[in-house]
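Be aware that the sequence shown starts at 34, since it is given in the working numbering, and climbs by one per residue. First comes the structure, then the notes that go with it.
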Amino acid sequence: MAQFFAYVQHADGVIEDTAAELAAAAKAMGADSVTAIVTGSGVDAAASAAGEFFNEVYKIDNADLAYPNAEVVRKAVAAVVPAGSVVLMSHGTFAMDMGPGLSIKTNAAYIADVTGIDGVDGTTLKVVRTELGGNISTHVNADIANGAVITLRPGAVEPAAGGVGGAVADKSGEAGDLSAKRKFIEVVTPEAGGVDITKAEVLVSIGRGIEEEDNIELAMELKEAIGSKAEVSCSRPIVDAKWLEPARQVGTSGKTVKPNVYLALGISGSFQHLGGIKGGIIIAVNKNPNAPIFQAADYGIEADILEFIPALTEKINDL
Ligand SMILES: Cc1cc2nc3c(=O)[nH]c(=O)nc-3n(C[C@H](O)[C@H](O)[C@H](O)COP(=O)(O)OP(=O)(O)OC[C@H]3O[C@@H](n4cnc5c(N)ncnc54)[C@H](O)[C@@H]3O)c2cc1C
34 MAQFFAYVQH ADGVIEDTAA ELAAAAKAMG ADSVTAIVTG SGVDAAASAA GEFFNEVYKI
94 DNADLAYPNA EVVRKAVAAV VPAGSVVLMS HGTFAMDMGP GLSIKTNAAY IADVTGIDGV
154 DGTTLKVVRT ELGGNISTHV NADIANGAVI TLRPGAVEPA AGGVGGAVAD KSGEAGDLSA
214 KRKFIEVVTP EAGGVDITKA EVLVSIGRGI EEEDNIELAM ELKEAIGSKA EVSCSRPIVD
274 AKWLEPARQV GTSGKTVKPN VYLALGISGS FQHLGGIKGG IIIAVNKNPN APIFQAADYG
334 IEADILEFIP ALTEKINDL
């Protein structure tokens with residue numbers, strides 16, 4: 034059995050929620066024990082937080098790892114994992130940058146954007162991926178005899194329970210040469226005071242069905258009627274049209290959200306959009322009864338949102 038590792042991303046000492054998903058995925062792939070890898074500069078808090086979900090934590094602490102430069106992190110990770118290991122990462126822009134090169138460096142298979150795990154048969158790992166823009170699911174058999182680098186779609190598996198209590202091992206001295214051709218210039222943080230849809234309890238989320246920029250106001254009025262726990266979010270075409278700012282986009286290339294209630298208004302339900310919704314009751318309103326969003330929704334309403342939204346706002350204001 035290969036040794037299993039999970040690369041754990043973190044910020045300000047807090048590890049990403051996906052760490053618990055990576056731990057669960059490794060177990061579903063047959064791992065008895067899973068080791069987290071935490072890299073950065075001053076990572077003690079993040080490393081001990083990772084111990085909550087993993088049997089052991091490799092800490093690689095080095096000033097050269099202060100910024101998420103995939104070229105450097107890849108070198109550090111490749112230096113500490115034994116040949117034939119399976120390395121899991123959460124599928125996102127950083128994993129897409131680091132994963133392929135890591136698989137080449139370690140001569141391991143590369144399996145990207147895994148959405149399901151069918152099991153293991155000897156050295157054959159069976160997983161599910163979506164292809165052709167999310168229109169089909171493919172069952173992939175990968176030979177992991179030489180190890181693998183696997184990126185897991187956020188939300189694809191139920192997170193593992195915590196309380197594991199893995200000890201931290203300092204591997205900083207084994208990271209080797211961390212020089213890089215690529216220079217990390219700066220981290221651009223969102224403007225202070227900007228909207229944070231990840232904290233909202235109710236999301237009034239609009240899609241292309243809103244039809245015109247002027248109609249965005251309808252969603253804003255509904256949000257106001259619901260109150261301070263609500264926020265307006267959207268699908269990508271609304272951001273592409275510059276009708277709303279990127280911080281409001283839900284999806285695989287936007288934000289991951291976990292509201293109590295997600296009102297999907299005029300959103301078709303692409304996998305890229307649904308990939309960003311990780312919890313809550315989904316209420317979909319769409320004028321097309323065959324819209325895919327109805328497959329994912331807890332409640333579905335066939336209606337024209339341009340009539341539905343003002344009517345709902347009025348009802349709430351009348352309460
Ligand atoms: C690499 C990549 C990453 C992507 N990342 C994201 C992402 O992070 N987030 C994201 O959202 N998308 C993302 N996309 C785009 C995604 O594939 C879809 O194109 C997008 O989610 C569709 O948005 P939509 O549902 O608003 O629009 P559409 O698919 O056009 O759906 C509009 C819906 O509105 C309904 N409708 C129209 N008028 C009305 C009305 N008056 N009343 C009620 N219903 C109405 C229609 O029946 C339809 O179902 C990504 C795509 C790629 C290739």
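Backbone N, C-alpha and C fix where the C-beta goes; we use that ideal spot for every residue, glycine too. A quick note: this is a predicted structure, and the numbers were derived from the prediction, not measured.
Check: Given a threshold of 16 other Cβ atoms within 10 Å of its Cβ, counted over all protein chains shown, does Pro325 qualify as buried or as exposed?; Outcome: buried
Check: Measure how close the beta-carbons of Asn258 and Asn350 come, nearest whole angstrom, since I'm counting them as under 8 Å.; Outcome: Inspection of the sequence shows that residue 258 is occupied by Ala rather than by Asn. The Cβ separation is near 5 Å, so the contact holds.
Check: At a threshold of 7 Å, does Gln328 count as lining ligand 1 (C-beta to nearest heavy atom)?; Outcome: no
Check: At which residue ranges does the stretch 50 to 138 contain complete alpha helix (DSSP H) runs of 4 or more residues, listed in the order of the chain?; Outcome: 51 to 61, 77 to 83, 103 to 113 and 126 to 138
Check: Go through its chain and collect everything with a Cβ distance to Trp276's Cβ below 6 Å, but skip five positions before and after it.; Outcome: Glu246 and Ile249
Check: Taking 7 Å as the cut-off, does the CB of Lys320 come closer than this to any heavy atom belonging to ligand 1?; Outcome: yes
Check: Please determine, among Ala109, Val173, Ala178 and Val41, the residue with the shortest C-alpha to C-alpha distance to Gly155.; Outcome: Ala178
Check: Report yes if the CB atom of Pro26 is closer than 8 Å to the CB atom of Thr346, and no otherwise.; Outcome: Summary: the structure shown does not reach residue 26, with the chain confined to residues 34 through 352, and so no result is reported for it.
Check: Within a Cβ cutoff of 7 Å, which residues of the same chain sit near Val106, ignoring the five residues on either side of it in sequence?; Outcome: Thr72, Leu98 and Met131
Check: Any contact of the stretch 196 to 208 with the stretch 134 to 146, i.e. 3+ C-beta pairs under 8 Å?; Outcome: no
Check: List in chain order: all unbroken beta strand (DSSP E) runs of 3+ residues lying wholly within the stretch 223 to 281.; Outcome: 235 to 239 and 263 to 267
Check: Within 8 Å (strictly less), CB to CB, does Tyr295 reach chain B?; Outcome: This model lacks chain B altogether; it includes just one protein chain.
Check: Quick one: what does DSSP say Ile326 is sitting in, helix, strand or coil?; Outcome: helix
Check: How many angstroms separate the CA atom of Lys311 from the CA atom of Asp203?; Outcome: 33 Å
Check: Is it buried or exposed, Leu352, if we count other Cβ atoms within 10 angstroms and call 16 or more buried?; Outcome: exposed
Check: Can you tell me the Cα-Cα spacing of Ile183 and Asp151, whole angstroms?; Outcome: 14 Å
Check: For the alpha helix (DSSP H) that Leu339 lies in, which residues bound it at each end?; Outcome: Ile338 to Asp351
Check: What's the C-alpha gap between Arg215 and Lys320?; Outcome: 49 Å
Check: Round the Cβ separation of Ser170 and Ala35 to the nearest angstrom and send it over; I've been treating them as touching at under 8 Å.; Outcome: About 25 Å separates the two Cβ atoms, so there is no contact after all.
Check: I'd like to confirm something about Arg362: is its beta-carbon nearer than 7 Å to some heavy atom of ligand 1, or not?; Outcome: The displayed coordinates of the chain run from 34 to 352. Any statement about residue 362 would go beyond what the structure contains.
Check: For Gln42, count the other beta carbons within 10 Å of its own beta carbon; 16 or more makes it buried, fewer makes it exposed. Which is it?; Outcome: buried
Check: Determine whether the beta carbon atoms of Ala103 and Ala52 lie at a separation below 8 Å.; Outcome: no
Check: Answer yes or no: do Ala336 and Phe327 have a C-beta to C-beta separation smaller than 8 Å?; Outcome: no
Check: Pull the bridge partners of Ile218 from the DSSP assignment, please.; Outcome: DSSP output for Ile218 lists no bridge partner at all.
Check: Pick out whichever of Lys348, Val294 and Gln305 has its Cα sitting closest to the Cα of Leu165.; Outcome: Gln305
Check: Quick one: give me the first and last residue of the alpha helix (DSSP H) that Leu307 is part of.; Outcome: Phe304 to Leu307
Check: May I have a chain-ordered list of the alpha helix (DSSP H) segments no shorter than 4 residues that lie completely inside the stretch 135 to 191?; Outcome: none
Check: Leu236 and Tyr295: beta carbons closer than 8 Å?; Outcome: yes
Check: Out of Ser286, Ser268, Ala193 and Leu255, which has the shortest C-alpha to C-alpha gap to Glu244?; Outcome: Ser268
Check: Pick from Ala61, Gly180, Ala263 and Glu54: whose alpha carbon is nearest that of Ala141?; Outcome: Gly180
Check: CB-CB under 7 Å to Ala111, same chain, minus the five flanking residues each way: which ones, in chain order?; Outcome: Leu135, Lys138 and Thr139
Check: What's the gap between the Cα of Ile314 and the Cα of Glu207?; Outcome: 47 Å
Check: Taking all protein chains shown into account, do 16 or more other C-beta atoms lie within 10 angstroms of the C-beta of His124, making it buried, or fewer, making it exposed?; Outcome: buried
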